[in-house]
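A short write-up of the structure that comes next.
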Amino acid sequence: MKTDNRLYDRLYLTESQYLKCEGVGFAFEARISVVGLGGIYMLTDKSYPMGTVLALRILGGADVVEADGIVRDVEADGFGVEWVKLRGNNEDALKRILDRLRAA
Numbered sequence: 002m003k004t005d006n007r008l009y010d011r012l013y014l015t016e017s018q019y020l021k022c023e024g025v026g027f028a029f030e031a032r033i034s035v036v037g038l039g040g041i042y043m044l045t046d047k048s049y050p051m052g053t054v055l056a057l058r059i060l061g062g063a064d065v066v067e068a069d070g071i072v073r074d075v076e077a078d079g080f081g082v083e084w085v086k087l088r089g090n091n092e093d094a095l096k097r098i099l100d101r102l103r104a105a
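In our numbering, the protein residues as written are 2 to 105.
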């Protein structure tokens, strides 16, 4: 039996709900298919080695989140990132985005 040790719930988004993600200070674009306070999973043809730290921006309507994340999982269609710096206004903005997505 597999145990899920995650600290945060995640939202699995439908294609119509995907959020846009871009790099902060480097050229990068992806679509977010899974999102939570612990991190995100992005669909993209780009790949980075596990352990790479990326400065990312999530565009969620009126709310924008900028945070550093570390690559934790790499798959053929994209990769997962765990937040390493998500504080203050960025955490609040992500919570608002999650609330809107849950209500949809």
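Backbone N, C-alpha and C define an ideal beta-carbon position, used for all residues, glycine too.
Endpoints, the alpha helix (DSSP H) within which residue i is located
| i | result |
| --- | --- |
| L14 | It is not in any alpha helix (DSSP H) - L14 carries neither H nor E in the DSSP assignment. |
Nearest to residue i (by Cα), restricted to the options the options
| i | options | result |
| --- | --- | --- |
| G52 | R11, D74, L99 | D74 |
| I98 | R88, E76, V85, V65 | V65 |
| L102 | E67, G62, E83, Y9 | G62 |
| F27 | L55, M43, L44, L14 | L55 |
| C22 | M43, L95, L14 | M43 |
Span of the beta strand (DSSP E) around residue i
| i | result |
| --- | --- |
| L57 | 54-61 |
| D78 | Careful: D78 lies outside any beta strand (DSSP E) and carries neither H nor E. |
Integer Cβ distance of residue i from residue j, believed to fall under 8 angstroms
| i | j | result |
| --- | --- | --- |
| G40 | D10 | No, G40 and D10 are not in contact; Cβ-Cβ is about 12 angstroms, not under 8 angstroms. |
Cβ pair residue i, residue j closer than 8 angstroms
| i | j | result |
| --- | --- | --- |
| T45 | A31 | yes |
| V35 | L12 | yes |
- Contiguous alpha helix (DSSP H) assignments of at least 4 residues, all confined to the segment 12-47: none
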